[in-house]
Amino acid sequence: MRIGPANVEPYLAIFGRYLREQGLPVTQQRRAVARAVFSSPQHQSVEDLDRVLRENDVRLGKATIYRTLDLLVRSGLVEEHDFGEGFKRYEHRLSRDPVHHHLVCIESGEVIEFRSEELQRIVEETAARHGFRPTHHKLVIFGLSRASQESGADVPYRGITCPIEATGTGEAGGSGGASAAAEAPGSGDST
Ligand SMILES: [Zn+2]
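To convert, note that position 134 of the sequence shown is 141 in my numbering; the numbers rise steadily by one, no gaps.
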């Protein structure tokens, strides 16, 4: 991917202003990382950004990329996501709907965004019912994208998930779920 043209300049200017407010220098490295993030609508990992930067003949250490991403997140211009993949992903929050949610394909890693007014309404109603003042919320739906399903991917076995099943038979009210784990240690009589 070629890093985009002039349309990211206003965002770079805002980031530059943030850095100056923090007493930090606006270096070429920081601008390069910010430009790579702002140039893509994707949810990019550090690996993705490193590759994009190399494709654009910018060679930076991973530590510099991490530190700059940290600053971008703290500036509020970039959002950090942990989709449980063992690494973080980053997306810029500019010129798009800040309230959106994600579908994450567990096979390909594809991230699809969606918006839902209905979900927004449920959040507001639920918060109101509990006298709760919401600040933000996240919904991530994991599964297989259409493309992954069509290429033959299947959902892997994820072990026993039903607590009633785990506690075995004859337990009335086994829906508590904790009894199996609580019973386990020391229950065997080893001499
Ligand atoms: Zn997103």
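Cβ atoms here follow ideal geometry from the backbone N, Cα and C, with glycine treated the same way.
Pairwise C-alpha distance: residue j and residue i
i      : j      : result
GLU98  : LEU84  : 9 Å
ASP104 : ARG61  : 30 Å
LYS145 : ARG58  : 28 Å
GLU157 : ARG81  : 40 Å
GLY30  : GLY23  : 11 Å
ALA20  : VAL65  : 20 Å
ARG38  : VAL162 : 41 Å
ARG96  : ARG128 : 27 Å
GLY159 : ARG122 : 28 Å
Where residue i falls: helix, strand or coil (DSSP)
i      : result
LEU60  : helix
GLN51  : strand
VAL40  : helix
ARG128 : helix
GLU157 : helix
Segment limits, alpha helix (DSSP H) that includes residue i
i     : result
ARG74 : 69-82
TYR18 : 16-28
Proximity winner among the options, relative to residue i (alpha-carbon distances)
i      : options                          : result
SER52  : ASP77, TYR164, PHE121 and VAL147 : ASP77
HIS108 : TYR73, HIS88, PHE94 and LYS95    : HIS88
VAL106 : THR142, GLU92, ARG136 and CYS112 : THR142
VAL15  : ARG27, VAL33, ALA43 and THR34    : ALA43
Delimiting residues of the beta strand (DSSP E) encompassing residue i
i      : result
ARG96  : 95-99
ILE148 : 147-150
VAL118 : 118-121
HIS108 : 108-112
Taking 8 Å as the threshold, find out whether the segment 112-123 comes into contact with the segment 132-141 through three or more Cβ pairs. Touching, no, given that fewer than three Cβ pairs across the two stretches are closer than 8 Å.
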